[in-house]
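Enquirer: Protein chains in written order, with the numbering used here: chain W, 1 to 161; chain Y, 1 to 399.
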């Protein structure tokens, strides 16, 4: 039987060296991909608008509430006033919201879906119906600012070299 | 005493005598004439000395406080060192300054564009950008290395031109494919529906690494995490020199034919050195841009190769020899000049633009000077070796 060349022998899975290298490299590649996926989920940033504005859902009107204490995740507690909206940045999918109003505490741990970039949380609805996340958490579509005049690239290939 | 032992002793004696004769003849004939110690030191370190003088003059006229300069130097050291260190491995393999590091920089930028679009922030964003840039850097580095193997002896100019070529491909991808073939949904997309904006705000990852372990001494901020990362890379380089691959690279650098004859796969070793350099350059670009906080999509990478090479040469490195000491000295001196020159120009003649011209002129100039000095010293060494060889041949004939 003709002898295999060294390169062919290396790609032979029965070759111990090739098999060991192949397994190690595959495991490393898989670990890196898994790490990337984990980073993708834990590093996702959401812009959360904490709205304290009059909201109507299914014909029911929720009036804004004045002077409530709001704590989102580990951020500093702030006071929200009626007819105002605040914006916070939230990283990851698991979050918590704590609202204090009239001596009562409303607290809920919830998840923001990964595909939601901008979300709005209605604080009046949250106070009335804390457990119904779908009711007070809604996605808002990305606002694309049309400022085409600012810096559109030339198509002639004239770049600042 | 048996016959075998006697013979062994005889051959050992003959061998020892031959070795001692060979050593003595070698030291007698091949002793190179050396320059005066101080003069040699000055010639070898002319570039760093020049920059130390320029730096001192610049600092004096800029009228900056020591704390301001230290703060700025630490920031710039943390920002640029990673990129400059990425140039060390190709020099180790005798391939000169890898201007093809811009390929890695482009890969790093693609990673950053994608994480910005996906809205991944902080350290996870930096890690994900590095993971995305790695396969692109490996592919580009492999391709660049293959071309450089076909252009042995002209690696630097070839890698420089490859950088321009890949820049065209990068622009094709970022300007025309992103938004059409590669989905981009955030505000970084141009309103026409394809192409990424000229400036991408990296607010999400801005200073994430620098501020990971905050340390403030007086008015000086020290980016501890960035320095830890750079220290790890330095340890990697030191360890790498001692590995089989590192030794192979040094052997290839000394003499390719001898290395090949001794069983080293020269081409593969050279390609690997370029791949490692390109991957590190990709990571370096991510570290650099997280510190800057904004990405100039079409220009950020263009001058990175030149500035990094200039910084390394300012530190006293040559195209054939560089070490970690050269990196840090070079980054400090080069960026000290970068920082103080505009202010010194403004204070001297009331024109900050002078400093801007000066620093661009100096960065190109220093590469030229370093290349000229290297070439002159190489020719001088060749001439001396030729003279010594001639003298020894004549001596043998006379004997």
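Note that beta-carbon positions come from the ideal geometry of N, C-alpha and C, so glycine has one too. Since we're looking at a predicted model, the values are computed, not measured.
Going by CA-CA distance only, name the one from 199(Y), 231(Y), 312(Y), 69(Y) that's closest to residue 299(Y).
Expert: 199(Y)
Enquirer: CA-CA distance, residue 72(Y) and residue 337(Y)?
Expert: 12 Å
Enquirer: Considering Cα atoms alone, identify which of 286(Y), 294(Y), 39(Y) is closest to residue 124(Y).
Expert: Selected option, being the one with the closest Cα: 286(Y).
Enquirer: Mind checking residue 154(W): buried by the 16 CB within 10 Å criterion, or exposed?
Expert: Residue confidence is low: residue 154(W) scores 41 on pLDDT, short of 50, so the model does not pin down where it sits. Its coordinate-derived value is still stated next. Residue 154(W) is exposed by the Cβ-count criterion.
Enquirer: Is the Cβ of residue 128(Y) closer than 8 Å to any Cβ of chain W?
Expert: So, interface residue.
Enquirer: Going by the DSSP bridge assignment, what does residue 135(Y) pair with across the sheet?
Expert: Residue 135(Y) pairs with nothing; no bridge assigned.
Enquirer: So the alpha helix (DSSP H) residue 116(Y) belongs to, where does it begin and stop?
Expert: 101-118
Enquirer: Who pairs with residue 50(W) in a beta bridge, going by DSSP?
Expert: 86(W), 121(W)
Enquirer: Find the nearest neighbour of residue 257(Y) within the set 250(Y), 201(Y), 266(Y), judged by alpha-carbon distance.
Expert: 266(Y)
Enquirer: Under 8 Å between beta-carbons, which chain Y residues line up against residue 40(W)? List them in chain order, please.
Expert: 118, 120, 124, 128
Enquirer: Does the segment 326-335 of chain Y come into contact with the segment 90-100 of chain Y, if we say contact requires no fewer than three beta-carbon pairs (one atom in each stretch) closer than 8 Å?
Expert: no
Enquirer: If we ignore side chains and look at the alpha-carbon of each, how far apart do residue 155(Y) and residue 37(W) end up?
Expert: 38 Å
Enquirer: Considering only the beta carbon of each residue, do residue 284(Y) and residue 86(Y) sit closer than 8 Å?
Expert: yes
Enquirer: Residues of chain Y with CB under 9 Å from residue 35(W), in chain order?
Expert: 127, 128, 131
Enquirer: Alpha carbon to alpha carbon, how far is residue 59(Y) from residue 147(Y)?
Expert: 44 Å
Enquirer: Who are the neighbours of residue 32(W) on chain Y, taking C-beta pairs under 8 Å?
Expert: Among the residues of chain Y, those whose CB is under 8 Å from the CB of residue 32(W) are 131, 134, following chain order.
Enquirer: Which runs of the beta strand (DSSP E) at least 3 residues long sit entirely within the segment 298-362 of chain Y? Give them in chain order.
Expert: none
Enquirer: Compile a chain-ordered list of the residues in the segment 198-226 of chain Y whose CB is closer than 7 Å to at least one CB of chain W.
Expert: Listed by position, the residues of the segment 198-226 of chain Y near chain W (Cβ gap below 7 Å) are 198, 199, 204.
Enquirer: With DSSP collapsed to three states, give me the class of residue 223(Y).
Expert: strand
Enquirer: Any C-beta of chain Y sitting closer than 8 Å to the C-beta of residue 45(W)?
Expert: yes
Enquirer: Between the segment 168-187 of chain Y and the segment 111-131 of chain Y, do at least 3 Cβ pairs fall closer than 8 Å?
Expert: yes
Enquirer: Given a threshold of 16 other Cβ atoms within 10 Å of its Cβ, counted over all protein chains shown, does residue 169(Y) qualify as buried or as exposed?
Expert: Exposed, because fewer than 16 other Cβ atoms sit within 10 Å of the Cβ of residue 169(Y).
Enquirer: Count the other CB atoms, across all protein chains shown, that sit within 10 Å of the CB of residue 26(Y); report buried if there are 16 or more and exposed otherwise.
Expert: Residue confidence for residue 26(Y) is low, a pLDDT of 48 falling below 50, so the modelled location carries little weight and cannot support an answer.
Enquirer: For residue 117(W), which residues in chain Y fall below 7 Å Cβ to Cβ?
Expert: 119
Enquirer: Check residue 385(Y) in the structure and name its three-state DSSP category.
Expert: helix
Enquirer: Examine chain Y for any beta-carbon lying closer than 8 Å to the beta-carbon of residue 48(W), and answer yes or no.
Expert: no
Enquirer: Give me the Cα-Cα distance between residue 334(Y) and residue 310(Y), rounded to the nearest whole angstrom.
Expert: 8 Å
Enquirer: Taking its Cβ as the centre, do 16 or more other Cβ atoms sit within 10 Å of residue 262(Y), making it buried, or is it exposed?
Expert: Under this definition residue 262(Y) is an exposed residue.
Enquirer: Here's the rule I'm using: 16 or more other beta-carbon atoms within 10 Å means buried, otherwise exposed. How should residue 30(Y) be labelled?
Expert: Unreliable positioning characterises residue 30(Y) in this predicted model, as indicated by a pLDDT of 49, which lies under 50. The coordinate reading is nonetheless provided below. Exposed, because fewer than 16 other Cβ atoms sit within 10 Å of the Cβ of residue 30(Y).
Enquirer: Where does the unbroken alpha helix (DSSP H) through residue 135(W) begin, and where does it stop?
Expert: 133-136
Enquirer: Using a Cβ cut-off of 7 Å, which residues of the segment 91-103 of chain W contact any Cβ in chain Y, in chain order?
Expert: Those would be 91, in chain order.
Enquirer: For the putative contact between residue 62(W) and residue 125(W), defined by C-beta atoms under 8 Å, what is the C-beta separation to the nearest angstrom?
Expert: The pair is a contact, with the Cβ atoms about 5 Å apart (cut-off 8 Å).
Enquirer: Should residue 253(Y) go down as buried or exposed, given a rule of 16 or more other Cβ atoms within 10 Å for buried?
Expert: buried
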